[in-house]
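S.K.: Using the numbering used here, the first residue of the sequence shown is number 76, and each one after it goes up by one.
Input: one structure, supplied below.
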Amino acid sequence: MRKHWIDNLRWVTVLLVLFYHVIYFFNNKGVFGGIGGFVDDPMKQPQDAVMYILYPWFMMLLFLVAGISARYALDKQTGKQFIKSRTLKLLVPSTIGLFVYHWMTGYFNTAVARGMGIFDNVPAIGRYFICTFSGIGPLWFIQDLWLFSLLIVLIKKIDCRDRFWNWCGKANIAVIILLGVLVWLGSQVLIFNPRPESLDGLYNLYKPLTYFIPFLLGYFVFSHDEVQDKVESIHLPMFICAAASCVALVLSGWGKCNTDPDFLSGWLNCLYAWLMILAMLGCFKAWFNRTNKFADYMTRSSFGIYIVHYLVVVALGYQMKQYTSLSPWAMYVILTAAVMLLSPAIYEILKRIPFIRWCVLGIKKRKE
């Protein structure tokens, strides 16, 4: 029987990512990649609190859910079939798709540099490649996920009799909560003083070791029905504790860059992240294990919406900030509405175009 609560948790988290990117694009906390805030003082601009609330846990949660899904998929597929399907779904859109669609995102990402005349002497083909590789944006997530998919096939071969997997399924509530220590340990492998001339910043963006931990926890621990039931049984206490730790994190960290390694590796950030992940798992299992037409659509489409959405954010957000006199709140409302409505529309258009849907969405043949 399909677990609708997992589907619902995944697409709701994707929508939170879309909303996060709206806030992040105009942030003034020094988070790399945005266009800048509306005031210079990082202690002001209260809407940036959304970044402190969401960033610690939502990508970890997506990786954990992906780990659960990988376990379910490998129960039905061979390792070869799994890798083939994940390569089509993950690797093709995050490589070939860059040249077909995401170069446009890179065009707006490099707008400031182009405005300064930095690329004036670069030939057109060179500018195209620069834009292409500057357009990776949120695709780092599916690039990481493809790598993790390869590794989990190897790990499954090592644990071919599922001895370790079965042992993990015996975790009690205390152990489940204490697994948050692994989240903290994963944050300690970030590069705390990244060198500007190196790939340190890229490593801190992808966080492969940091995110591989929740993926493995999803695969080995949270794919068990018994563990899911235990998490459900503590969903209200976890939600209350997560809310309390969230308030403490926002108050203590306000004004700091919420993506700095020092911030991410802090015990309070990691505590909040783990408590919120457990709360989301438990609450969705308790309250949202059902579906309807909209939920079914989002279950099928949220991955594609995630892939295409960031172009809407950077294109419209850049144009409004640079060329209009709209109030900040009007920009937030317009951009939120646009990314929630235009992203599904773009996805629906692209999935109907042969070859393009393969390049951008990893869809070989459109399902009616």
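Glycine included, C-beta positions come from ideal geometry on N, C-alpha and C.
On a predicted model such as this, the values are computed, not experimentally measured, just so you know.
Quick one: is Lys486 buried, meaning 16 or more other Cβ sit within 10 Å of its Cβ, or exposed?
M.R.: Look at the range of the chain in this structure, 76 to 443, and you will see that residue 486 is not part of it.
S.K.: How many angstroms separate the CA atom of Glu443 from the CA atom of Ala370?
M.R.: The predicted position of Glu443 is uncertain, since its pLDDT is 46 and thus under 50; no value can be drawn from it.
S.K.: Alpha carbon to alpha carbon, how far is Ile227 from Lys151?
M.R.: C-alpha separation (whole angstroms): 15 Å.
S.K.: Could you spell out the range, first to last residue, of the alpha helix (DSSP H) harbouring Phe369?
M.R.: Residues Lys368 to Tyr398.
S.K.: State the CB to CB distance for the pair Met118 and Trp329, rounded to an integer number of angstroms; the pair is presumed to be in contact (CB under 8 Å).
M.R.: Rounded, the Cβ-Cβ distance is 7 Å, consistent with contact.
S.K.: To the nearest angstrom, how far is the alpha carbon of Ala148 from that of Ala199?
M.R.: The straight-line gap from Cα to Cα measures roughly 44 Å.
S.K.: Under DSSP, the alpha helix (DSSP H) around Cys206 begins and ends at which residues?
M.R.: Note, Cys206: alpha helix (DSSP H), Ala199 to Phe208.
S.K.: Could you tell me how far apart the beta carbons of Cys206 and Gly181 are, in whole angstroms, since I believe they sit closer than 8 Å?
M.R.: So it is a contact: roughly 4 Å between Cβ atoms.
S.K.: Is Asn268 helix, strand or coil by DSSP?
M.R.: Three-state DSSP puts Asn268 in coil, outside helix and strand.
S.K.: Can you tell me whether Val167 is buried or exposed? The criterion is at least 16 other CB atoms within 10 Å of its CB, across all chains shown.
M.R.: Counting Cβ neighbours within 10 Å, Val167 comes out buried, since at least 16 surround it.
S.K.: Would you mind giving the Cβ-Cβ distance between Tyr393 and Ala186, rounded to the nearest angstrom? I have them listed as a contact below 8 Å.
M.R.: Between Ala186 and Tyr393 the Cβ distance is about 6 Å, and since that is below 8 Å, they are a contact.
S.K.: By the three-class DSSP mapping on this structure, what secondary structure does Ser144 have?
M.R.: Note: Ser144 maps to helix in three-state DSSP.
S.K.: Pick from Val97, Phe297, Ser224 and Val322: whose alpha carbon is nearest that of Met355?
M.R.: It is Phe297.
S.K.: DSSP three-state call for Ile438: helix, strand or coil?
M.R.: Correct three-state label for Ile438: coil.
S.K.: Who are the Cβ neighbours of Phe314 in its own chain at under 7 Å, not counting the five residues just before and after it?
M.R.: Cβ within range, chain order: Ala354 and Cys358.
S.K.: To the nearest angstrom, how far is the alpha carbon of His310 from that of Asn364?
M.R.: Rounded to whole angstroms, His310 to Asn364 spans 14 Å at the Cα level.
S.K.: Looking at chain B, is there any beta carbon in it that lies within less than 8 Å of the beta carbon of Ser340?
M.R.: Although the question refers to chain B, the structure presented lacks it and comprises just one protein chain.
S.K.: Inspect the beta-carbon positions of Gly210 and His177 and report whether they are closer than 8 Å.
M.R.: Cβ atoms of Gly210 and His177: closer than 8 Å.
S.K.: Measuring straight from C-alpha to C-alpha, what distance separates Leu274 and Ile421?
M.R.: Taking the straight line joining both Cα atoms gives about 33 Å.
S.K.: Terminal residues of the continuous alpha helix (DSSP H) containing Leu346?
M.R.: Element bounds for Leu346: Trp342 to Trp362.
S.K.: Where do the N-terminal and C-terminal ends of the alpha helix (DSSP H) with Lys231 fall, by residue?
M.R.: Here the alpha helix (DSSP H) through Lys231 covers Trp215 to Ile233.
S.K.: Roughly how many whole angstroms lie between the Cα atoms of Ile193 and Phe183?
M.R.: Rounded to whole angstroms, Ile193 to Phe183 spans 14 Å at the Cα level.
S.K.: List the endpoints of the continuous alpha helix (DSSP H) containing His177.
M.R.: Taken as a continuous stretch (DSSP letters only), His177 belongs to no alpha helix (DSSP H), as it is neither H nor E.
S.K.: Out of Trp362, Ile352 and Ile424, which one is the CA nearest neighbour of Phe138?
M.R.: Looking at the Cα atoms, Ile352 is the closest of the given residues.
S.K.: Within the same chain, show all residues whose beta-carbon is closer than 6 Å to that of Gln218, passing over the 5 residues directly before and after it, in chain order.
M.R.: Within the same chain, Gln218 has close Cβ partners Ser169.
S.K.: So Gln122 and Tyr407 are in contact, right, with Cβ under 8 Å, and what is the actual spacing, rounded?
M.R.: Between Tyr407 and Gln122 the Cβ distance is about 7 Å, and since that is below 8 Å, they are a contact.
S.K.: Report the start-end ranges of each alpha helix (DSSP H) in the stretch 239 to 306 that is 4 residues or longer and not cut off at the edges.
M.R.: List check, alpha helix (DSSP H) in window: 248 to 253, 255 to 262, 275 to 281 and 283 to 295.
S.K.: Check whether the stretch 336 to 349 and the stretch 233 to 251 are in contact - that is, three or more C-beta pairs closer than 8 Å.
M.R.: The stretch 336 to 349 is not in contact with the stretch 233 to 251.
S.K.: Between Tyr347 and Leu326, is the Cβ-Cβ spacing less than 8 Å?
M.R.: Cβ atoms of Tyr347 and Leu326: not closer than 8 Å.
S.K.: When DSSP labels each residue in this structure, what does Cys321 get in the three-state scheme?
M.R.: Helix.
S.K.: How long is the line joining the alpha carbons of Gly111 and Asn102, rounded to whole angstroms?
M.R.: Each residue's alpha carbon lies about 6 Å from the other.
S.K.: Are the CB atoms of Thr285 and Val264 within a distance shorter than 8 Å?
M.R.: The answer is yes: Cβ separation under 8 Å.
S.K.: Under DSSP, the alpha helix (DSSP H) around Gln156 begins and ends at which residues?
M.R.: Run containing Gln156: Gly154 to Arg161, per the alpha helix (DSSP H) assignment.
S.K.: If you draw a straight line from the C-alpha of Leu220 to the C-alpha of Thr411, how long is it?
M.R.: Those two C-alpha atoms are separated by around 27 Å.
S.K.: Between Leu343 and the rest of its own chain, which residues show a CB-CB distance below 7 Å, the 5 nearest in sequence each way excluded?
M.R.: Contacts found: Ser320, Ala323, Leu324 and Ser327.
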